[in-house]
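A short worksheet on the structure shown next.
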Amino acid sequence: MVRGEGVLAKPGLLFKSAAAWELLGELDTACFLAALAGGYPPEGYLSVNVTAAELVDIEAGCYANPRLVIELTEYGCRDIQQLTGALSAWRGNGARIAIDDVGPDIG
446 MVRGEGVLAK PGLLFKSAAA WELLGELDTA CFLAALAGGY PPEGYLSVNV
496 TAAELVDIEA GCYANPRLVI ELTEYGCRDI QQLTGALSAW RGNGARIAID
546 DVGPDIG
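Each step along the sequence shown adds one to the number in my numbering, with nothing skipped, and position 7 is 452.
In structure tokens, the structure reads:
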């Protein structure tokens, strides 16, 4: 989970601010990699929020795992065909997919 102190303590505000500064991709990738670096829980799944745009950019074969659940967030779905291809790659490499408010700039 992305939590902090101060003005940007709320993840929604942090990600909206990153988008305003055109740093959403960098923040999203950093959060994704930090979550994976934390390791998988002994039982169950590791669920990680990822923007549609970053899901397309991150190489599925490097990170997909049957215990990984990708939760698509509401930011960045610009090309549905690219997203569909990325989702197929992630699922083909073992990851699970969950939908988390996907749509054009929801929230």
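All C-beta atoms in this analysis are idealised placements derived from N, C-alpha and C, irrespective of residue type, glycine included.
At the level of alpha carbons, what is the spacing between residue i and residue j?
i, j, result
"G457", "L469", "12 Å"
"R541", "L491", "10 Å"
"M459", "L528", "Checking the sequence shown, residue 459 turns out to be Leu, not Met. Approximately 24 Å between the Cα atoms of the pair."
"L472", "A463", "7 Å"
"T496", "E488", "25 Å"
"D493", "G537", "Rather than Asp, the amino acid found at residue 493 in this sequence is Val. Using only the alpha carbons, I get a separation of about 18 Å."
"T474", "G530", "19 Å"
According to DSSP, what are the bridge partners of residue i?
i, result
"I503", "Note: I503 sits in no beta bridge, so no partner."
"I515", "V493 and I542"
Name the residue from the options whose alpha carbon lies nearest to the alpha carbon of residue i.
i, options, result
"L513", "P486, L528 and A498", "P486"
"I503", "D524, I544, Q526 and A534", "A534"
Query raised in the report: Which runs of the beta strand (DSSP E) spanning at least 3 residues fall entirely within the segment 463 to 504, listed in chain order?
Result: 491 to 495
Query raised in the report: Should the segment 477 to 488 be regarded as contacting the segment 497 to 517, the criterion being three or more beta carbon pairs within less than 8 Å?
Result: yes
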